[in-house]
Amino acid sequence: MMSEVSPLTNQRYIRFIIIICGIVAGAGIGVVSVMFSPLIALALVISILIIIAIWRYPMLGIILIAFSLPFERIGAYEFQGFTIRASQLLLLITSLICFVQALGSRRANRQSHQMLVQLGAFVAVTTISLLNAQNVERSVTILGFTVFTMLLTWLVPSLIRTERQVRTIILVVLISAFIVSGFGIFQFLGDMVGLPPSVTGLRELYTKDVLGFPRVQSTAYEPLYFANYLLIPLSLALTLFLASSQVMKHASLILLLLTGGVSFILTVSRGAYLGLACAVAIVAIYYLRRVFTLRNIIIISITAVVIWFAVVEVLGYGGEVFNLEKYEEHVTGVFLGASYDERVYTFEQAFTVWRGHPFFGTGVGGFGPVIATHPYVVPDDGWKIVNNEFIELLAETGIIGLALFIAFAIALIVRSFHAIRLSNDGTLRALMVGLLAAWIGILAQYLTFSTLYIMHIWFLVGLMIATQNIIFSKSRSADTI
């Protein structure tokens, strides 16, 4: 008969393990500081402290991820040819901690995983598509990145289970968005007055030397990614304002809409403009009566005028009125120029590739290598992409992969409408409307770009599922009373 281990013995064992880990970590940091730099050693120390804090309070990991979502270029670190982003490290750390802690817990949040069945089917098909890949290494890498970012659809609903937690995350997202939007405006003005890219953080491709005015990318890698991210906070801010929610004060929401709106327009991303139009339409339709109150009409009109005036002023800074003409030409020239010709070419190539492998495609991430001169030789301008997520999925994962992705997107929308209808809580309902509007806006923008492994998109999906689960749980509790 085995004797039970006493609590005292167990505590001594845990302390012994902690001491050993501390010694190993300290020695490792010392070696790193000698081999590389004290800055990396300091980062390791901070990382260890964060790991300890997240172990004790896993929700902290989601909070930090929410704040770091837009920091994909500025705020990232280049190491040995890889770009290490804070949000990715935090996702890895938090996921591992939650997985380890879940092993010792019998509780399972089955509701959080209902949507993951459909997503899992899509991942299975993308894995099968590797059989047709011409550049297997690239396809496996893209699949790995995609599945990694999709972890957010499991992690976020697993940790966010109360309305208070949802409110906290939304507030963090709005604060982070305000900071990066303000930086985006500085970026634009700084480039206009002649500050170097080393100060503004703009890539050479987006300075005023190209179009006559800079395109704001803020802390993101490209303007279209930054604009895509802003669809989330702008949709939420507009919804919370119209719903008169107390998540954030009205003055703060208006300030965020002004700052974020100006920064959004200055990205000069036509696809994002389409996405925002769709998102605003969803919010306006749901809150139609509240939109047409005298108070809101005045506030919305003033906000729109201020945003437009600010954009006109910064584009015409220094008397360069031609910037306005170039801006209008760039935005309205959807079916003109080299950009349009390239899209037509990639669309035609994508359909040709799909006809070769109609069911499972040519492998996730495989479109570029297939149409390149050689599948393992990277072209000078990089691998080609389709610039339409749905057509690219058709080419790379076949009709089955595209159908499963669309089915998942529609199921998420239907589930959101169901949650909105059931919710008796004004704030939760408003948040659900805002998140749904952002998701539809992103799907609309996906008509003009094609990158699936984006952190903020899958964070949004996870947050939608978490909010839906909370609403459904409250609804069941109310029915049993």
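Using this note's numbering, the letters of the sequence shown map in sequence onto residues 8 to 488. Each residue gets a CB set at the ideal place from its N, CA and C atoms; glycine is no exception. This structure is a prediction, so every number in the text was calculated from the model and none was measured.
CA-to-CA, the gap between residue 301 and residue 308 works out to about 11 Å. For residue 215, the uninterrupted alpha helix (DSSP H) segment begins and ends at 215-218. Your pair residue 416 and residue 450 checks out as a contact, with CB atoms roughly 6 Å apart and the cut at 8 Å.
Nearest Cα to residue 442 within the set 460, 473, 189: 473. Residues of the same chain with a CB within less than 7 Å of the CB of residue 412, apart from the 5 flanking positions on each side, are 129, 400 in chain order. Within a 10 Å sphere around the beta-carbon of residue 220 sit 16 or more other beta-carbons, which makes this residue buried. Burial of residue 463 is indicated by the presence of at least 16 other C-beta atoms within 10 angstroms of its C-beta.
Rounded to the nearest whole angstrom, the C-alpha separation of residue 244 and residue 267 is 10 Å. Pairing residue 210 with residue 431, the inter-Cα distance amounts to about 47 Å. It is roughly 9 Å from the alpha-carbon of residue 404 to the alpha-carbon of residue 137. Within the stretch 369-404, the runs of alpha helix (DSSP H) at least 4 residues long that lie entirely inside it are, in chain order, 374-378.
In the structure shown, residue 84 adopts extended strand secondary structure according to DSSP, grouped into three states. Of the residues assessed, residue 364 falls on the buried side of the cut-off, its CB having 16 or more other CB atoms within 10 angstroms. Here the alpha carbon of residue 265 sits roughly 34 Å from the alpha carbon of residue 152. With contacts defined as CB atoms closer than 8 Å, residue 357 and residue 398 qualify as a contacting pair. With a cutoff of 8 Å on beta-carbon distance, residue 392 and residue 457 are scored as near each other. Secondary structure remark: continuous alpha helix (DSSP H) runs of at least 4 residues inside the stretch 210-251, in chain order: 215-218, 230-249. Across the structure, residue 179 and residue 53 are spaced so that their CA atoms are roughly 21 Å apart. Distance between residue 247 and residue 255, taken at the CA atoms: about 8 Å. The DSSP-derived three-state label of residue 69 is helix. A direct Cα-to-Cα measurement between residue 420 and residue 200 gives close to 45 Å. Residue 167 sits in coil when the DSSP states are folded into three classes, being neither helix nor strand.
DSSP, read as helix, strand or coil, puts residue 461 in coil. Taking 4 residues as the shortest admissible run, the stretch 277-321 contains the following complete alpha helix (DSSP H) segments, listed from N- to C-terminal end: 277-293, 295-298. In this structure, residue 226 places its C-beta atom within 8 Å of the C-beta atom of residue 81. A Cβ-Cβ contact shorter than 8 Å links residue 242 with residue 290. Residue 479 sits away from residue 72, with the two beta carbons spaced by 8 Å or more. Residue burial annotation: residue 79 is buried, with at least 16 other C-beta atoms found within 10 angstroms of its C-beta.
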